[in-house]
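To keep things clear, I will list the structure first and then write my remarks on it.
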Amino acid sequence: MEAIKPAMHEPFCVDLKHALIWVARALDYVGMDDLHHNHRVAYTAYECAKLLGWEKKKQEFSFLAGLIHDCGVSQTAEHSHLISDMIPSESEQHCRVGFQALEQCDMLAQFANIILYHHTDWLHLQHAPISPYEKDVAALIYLADRLDFLRAKYLSHAQQDLITLYKKAISEELYFYRGTLFCPTFVDALVTLIHRDGFWFAMDSTHIETVPFSFSQLKWLHQDLSISALIQLGRFIAGIVDAKSPFTYQHSLKVAELSEYLALQMGLPKSTSKLIYVAGLVHDIGKLRTPDSILHKEGPLSEIEYIHIKRHTVDTAVALNMIFPHSNIAQWAANHHERLDGSGYPYNKTAEQLDLPSRIIAIADVFQALSQNRPYRSKLSPQEITDIMWPMVEQNQLDEDVYAKLEQNLNHCYAMSTALSSKASEGKTLVDAESSLAYSQ
17 MEAIKPAMHE
27 PFCVDLKHAL
37 IWVARALDYV
47 GMDDLHHNHR
57 VAYTAYECAK
67 LLGWEKKKQE
77 FSFLAGLIHD
87 CGVSQTAEHS
97 HLISDMIPSE
107 SEQHCRVGFQ
117 ALEQCDMLAQ
127 FANIILYHHT
137 DWLHLQHAPI
147 SPYEKDVAAL
157 IYLADRLDFL
167 RAKYLSHAQQ
177 DLITLYKKAI
187 SEELYFYRGT
197 LFCPTFVDAL
207 VTLIHRDGFW
217 FAMDSTHIET
227 VPFSFSQLKW
237 LHQDLSISAL
247 IQLGRFIAGI
257 VDAKSPFTYQ
267 HSLKVAELSE
277 YLALQMGLPK
287 STSKLIYVAG
297 LVHDIGKLRT
307 PDSILHKEGP
317 LSEIEYIHIK
327 RHTVDTAVAL
337 NMIFPHSNIA
347 QWAANHHERL
357 DGSGYPYNKT
367 AEQLDLPSRI
377 IAIADVFQAL
387 SQNRPYRSKL
397 SPQEITDIMW
407 PMVEQNQLDE
417 DVYAKLEQNL
427 NHCYAMSTAL
437 SSKASEGKTL
447 VDAESSLAYS
457 Q
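Sequential numbering from 17 applies to the sequence shown in my numbering.
Below you can see the structure in the form of structure tokens.
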């Protein structure tokens, strides 16, 4: 077995710029046919804020708000609906979901009101109970978001740079809503940008992702995090992932709770157990790239569909290595489909390459998935689950010692795995009550 590296100690090094970029990438995968929507909204808002002469801090803030503005959207069908019309119906739902998710993460709560109102028209926004600063940014994000709707409308599947052929038509549509949907001053500034070819040519995700690395005014981007803040960030990511399918609702949370519990049962230090909890929260971030149709499929997966499923662990590893550098979180999370006998994926790792935390999360993931309803079956009973898992232990796929702890505490683990977390208790780890998140009603 691979040795466990020393646990990180507070404060924890987290690259928040990369974290928000990867949240945007994950959200962009939801669109599938409309990749990089969040990137383009961020870029448009930033360029417009510069032209409006806003202070640099407000420019940078607008960019980041654009990156995560659709954090309340987790399903492709919902994204498709939002880009189907200039004024889509029921757009408020994803705004509320995003608001609630951000409000529960201290470092991102400053974006909550902006995301709540980012589909509110200019006339009604004037009466919203938020600050003038928040109104400005919310209005700008709405305008940038609708510009991207128009871009998709005119560009269709043509080569991206050809959007410059439609500058006049796009400008006219925005002017039609000047003073009603959109702030007049913001429309004037954006139309100026629209008529510059360079504005469109630079609207590329590779270029856009370099933008925040020149930011200097947002000091919170450069802070190290406490374990409580680290857990909040993990829960924010987990909420986005678990919302992708009603069949995986709270899967990440339950895997995290089970993993932490089993880690403590195995005698691991509390500090390591907390990090295993975080790894459990984010272990499926790569699944946001998996098509909804595969996650919701009621029958067996085809060979091609299974390839899509297997990819999610690699996407998870890449994302988490950038978000949590110098930690074990990415490795532990990405190893959850590896098996001790080398039959797992994506790298066919064997026992000597899989440390104890990786083995714990693998068992927690299998157990929780079997105890949860899925489109192709109902949840299984504790006995039915052990009838499946014990042969996996006998075949040297799952760790026997970890499994023994699970079986010794089977009823408790099953109750933990199947109980919906109340809003009052979500985010509370077993080893530190101060890590809890107070979910507002």
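Ideal placement from N, C-alpha and C gives every residue a C-beta, glycine not left out.
The beta carbon of Arg162 lies closer than 7 Å to those of Met102 in the same chain, with the five residues before and after it left out.
Nearest in C-alpha terms to Trp138, of all of Lys72, Gly195, Asp415 and Phe28, is Gly195. Three or more beta-carbon pairs separated by less than 8 Å are not found between the segment 373 to 382 and the segment 66 to 77, which leaves the two stretches without contact. Apart from sequence neighbours up to five positions away, the residues of its chain that approach Thr366 with a beta-carbon distance below 6 Å are Gly358, ordered along the chain.
Between Ile345 and Ala295, the CB-CB gap stays under 7 Å. Annotated three-state conformation of Thr196 is coil, per DSSP. Counting along the chain, the unbroken alpha helix (DSSP H) around Ala349 starts and ends at Ile345 to Ala350.
If you draw a straight line from the Cα of Phe28 to the Cα of Phe340, it is about 9 Å long. Thr306 carries a coil assignment under DSSP once its states are collapsed to helix, strand and coil. Rounded to whole angstroms, the separation of the alpha carbons of Phe383 and Gly315 is 21 Å. According to the DSSP secondary-structure assignment, Thr366 is paired through a beta bridge with Asp357. Distance from the Cα of Asp31 is smallest, within the candidate group Arg393, Asp240, Gly114 and Asp371, for Asp240. About 6 Å separates the Cβ atoms of Leu83 and Asn54, confirming a contact at the 8 Å cut-off. Here the segment 144 to 158 makes no contact with the segment 180 to 190; the two share fewer than three CB pairs at distances below 8 Å.
Relative to the Cα of Gln116, the nearest Cα in the group Asn129, Ala335 and Pro104 belongs to Asn129. Inclusion of His352 and His267 in the CB contact set at 7 Å is not warranted, their separation being larger than that value. Of all alpha-carbon atoms in Trp348, Pro362 and His342, the one lying nearest the alpha-carbon of His328 is that of Pro362. Taken through DSSP and simplified to helix, strand or coil, Leu284 comes out as coil. Fewer than three pairs of CB atoms, one per stretch, sit closer than 8 Å, so the segment 231 to 246 makes no contact with the segment 203 to 216.
Between Lys66 and Leu237, the C-beta spacing is not below 7 Å. Residues of the same chain with a CB within less than 7 Å of the CB of Ala205, apart from the 5 flanking positions on each side, are Cys64, Leu67 and Leu68 in chain order. The DSSP-derived three-state label of Phe231 is coil.
Residue burial annotation: Thr222 is exposed, with fewer than 16 other C-beta atoms found within 10 angstroms of its C-beta.
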